[in-house]
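Asker: Below you'll find the structure I mean.
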Amino acid sequence: MLTESLFFSAVLFTIGVIGVLTRRNAIIIFMCVELMLNAVNLTFVAFAQVYGVAGQVFVFFVMTVAAAEAAVGLAIIIALFRHRQTVNLSNINLLKG
Amino acid sequence: MTYNELPLFYVFHFYFFGIVAIASAIAFVTRKSPVAAALWLVNTMFCLAAMYVLLDAQFIGAMQVLVYAGAIMVVFLFVIMLLNLGHASDLADARGMTWKLVAGFLGLALLAQVFAITRARVPEALVLPENALATQFVRTGAIAPLAGPLFNEYLLAFEVTSVLLLAAVVGAVVLGKRRERTRAH
Numbered sequence: 023m024l025t026e027s028l029f030f031s032a033v034l035f036t037i038g039v040i041g042v043l044t045r046r047n048a049i050i051i052f053m054c055v056e057l058m059l060n061a062v063n064l065t066f067v068a069f070a071q072v073y074g075v076a077g078q079v080f081v082f083f084v085m086t087v088a089a090a091e092a093a094v095g096l097a098i099i100i101a102l103f104r105h106r107q108t109v110n111l112s113n114i115n116l117l118k119g
Numbered sequence: 006m007t008y009n010e011l012p013l014f015y016v017f018h019f020y021f022f023g024i025v026a027i028a029s030a031i032a033f034v035t036r037k038s039p040v041a042a043a044l045w046l047v048n049t050m051f052c053l054a055a056m057y058v059l060l061d062a063q064f065i066g067a068m069q070v071l072v073y074a075g076a077i078m079v080v081f082l083f084v085i086m087l088l089n090l091g092h093a094s095d096l097a098d099a100r101g102m103t104w105k106l107v108a109g110f111l112g113l114a115l116l117a118q119v120f121a122i123t124r125a126r127v128p129e130a131l132v133l134p135e136n137a138l139a140t141q142f143v144r145t146g147a148i149a150p151l152a153g154p155l156f157n158e159y160l161l162a163f164e165v166t167s168v169l170l171l172a173a174v175v176g177a178v179v180l181g182k183r184r185e186r187t188r189a190h
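Chains as they are written, first to last, in this note's numbering: chain A, 23 to 119; chain B, 6 to 190.
Shown next, in the form of structure tokens:
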């Protein structure tokens, strides 16, 4: 099922990228990043079935990094909301110049 | 691995969960309400967990349900509800037509690239014999073959991960703390 897994993984990753590009809500963009991480995890697991169990070990590390990233990212979003009362990225344009 | 050797039951379920995962991901990206979007994403993650189990990664599937769907997404839902992101000004957040077209083209280009990568040849010597993982799991259980490499070859990465988690926890607390006014005495 390697080919099928890679197909599903590629499609999920692309949906995540399109979500990041088309939405402005910071939390939804953040969830799209999680979707992309999940798509990559599917690739790791599919390759682990063919090339050995190391791919599954790697998925653990990806999950840990995702958890750390979620904690820090959501804390940033909360701090941002406290300043601006919004999470809409079109209102947060301090670095736009 | 060829098709004919896999039972129809297996192939059907793999495609079923894959298609449901993609459909939920599309629903996730297009929902206006963040809560609905988060719940569709949870559905995608459950489908991915089922696919992991079908790909001989039972423990990863359990971790997917516990850590991703159970912990990370609950934190997301908690923040969405804490910030009360339900009102109309926040709901209309999709970008304009130009952005959608750009995103569509970029998505197609990305898809083409990823498919080109999947055609790459990998040395045959690396390929395990068919069903090697499944037979190993039958012999030793599903967790021991994972724990071995995790605590031997990848021990350094494992320890560094704990430092990363500590840094993330400290960072989250510092960022989330309400700043007290600093007074000059």
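All C-beta atoms in this analysis are idealised placements derived from N, C-alpha and C, irrespective of residue type, glycine included.
In chain A, what lies closer than 9 Å to V79 (chain B) by C-beta?
Answerer: Those within 9 Å of V79 (chain B) in chain A number zero; the least Cβ separation is about 10 Å.
Asker: Take the Cβ of V109 (chain A) as the centre, count every other Cβ of all protein chains shown within 10 Å, and call the residue buried at 16 or more, exposed below.
Answerer: buried
Asker: Can you tell me the Cα-Cα spacing of I100 (chain A) and L88 (chain B), whole angstroms?
Answerer: Here the alpha carbon of I100 (chain A) sits roughly 8 Å from the alpha carbon of L88 (chain B).
Asker: What whole-angstrom Cβ distance do A68 (chain A) and A76 (chain A) have, given they're in contact under 8 Å?
Answerer: Between A76 (chain A) and A68 (chain A) the Cβ distance is about 13 Å, and since that is not below 8 Å, they are no contact.
Asker: When Cβ atoms are compared, which residues of the region 64–76 of chain A fall closer than 7 Å to chain B?
Answerer: L64, V67, A68, A70, Q71, V72, Y73, G74, V75, A76
Asker: Under three-state DSSP, which class holds N63 (chain A)?
Answerer: helix
Asker: How about I193 (chain B): is its C-beta nearer than 8 Å to some C-beta of chain A?
Answerer: As displayed, chain B neither begins before 6 nor continues past 190, which places residue 193 (chain B) out of reach and without an answer.
Asker: Extract the residue ranges of the beta strand (DSSP E) inside the region 147–186 of chain B, only unbroken runs of 3 or more that lie entirely within it.
Answerer: none
Asker: Evaluate contact between the region 37–51 of chain B and the region 41–56 of chain A, counting only Cβ atoms and requiring at least three cross-stretch pairs below 8 Å.
Answerer: Output reads yes: the region 41–56 of chain A touches the region 37–51 of chain B.
Asker: Using the rule of at least 16 other Cβ atoms within 10 Å of the residue's Cβ for burial, across every protein chain shown, is A173 (chain B) buried or exposed?
Answerer: buried
Asker: DSSP puts N47 (chain A) in a beta bridge; with which residues?
Answerer: A:N110
Asker: Along the region 23–43 of chain B, where does the CB come closer than 8 Å to a CB of chain A? Name the residues.
Answerer: G23, A26, I27, A30, I31, F33, V34, P39, A42, A43
Asker: Rounded to whole angstroms, what is the Cα-Cα separation between L28 (chain A) and R104 (chain A)?
Answerer: 41 Å
Asker: Extract the residue ranges of the alpha helix (DSSP H) inside the region 38–125 of chain B, only unbroken runs of 4 or more that lie entirely within it.
Answerer: 39–59, 63–68, 78–88, 93–96, 102–123
Asker: Is the CB of F14 (chain B) under 8 Å away from at least one CB in chain A?
Answerer: Not one chain A Cβ lies under 8 Å of F14 (chain B).
Asker: List, in chain order, every chain B residue whose beta-carbon is nearer than 7 Å to that of M58 (chain A).
Answerer: For the C-beta of M58 (chain A), not a single chain B residue is nearer than 7 Å; the gap to the nearest is close to 10 Å.
Asker: Please list the partners that L96 (chain A) has in chain B, where partner means a Cβ-to-Cβ separation under 8 Å.
Answerer: V80, F81, V84, A177
Asker: Within the present structure, is the beta-carbon of A32 (chain B) separated from the nearest heavy atom of the ligand NAP by less than 7 Å?
Answerer: With respect to the ligand NAP, the structure shown offers nothing to examine, as it has no ligands at all.
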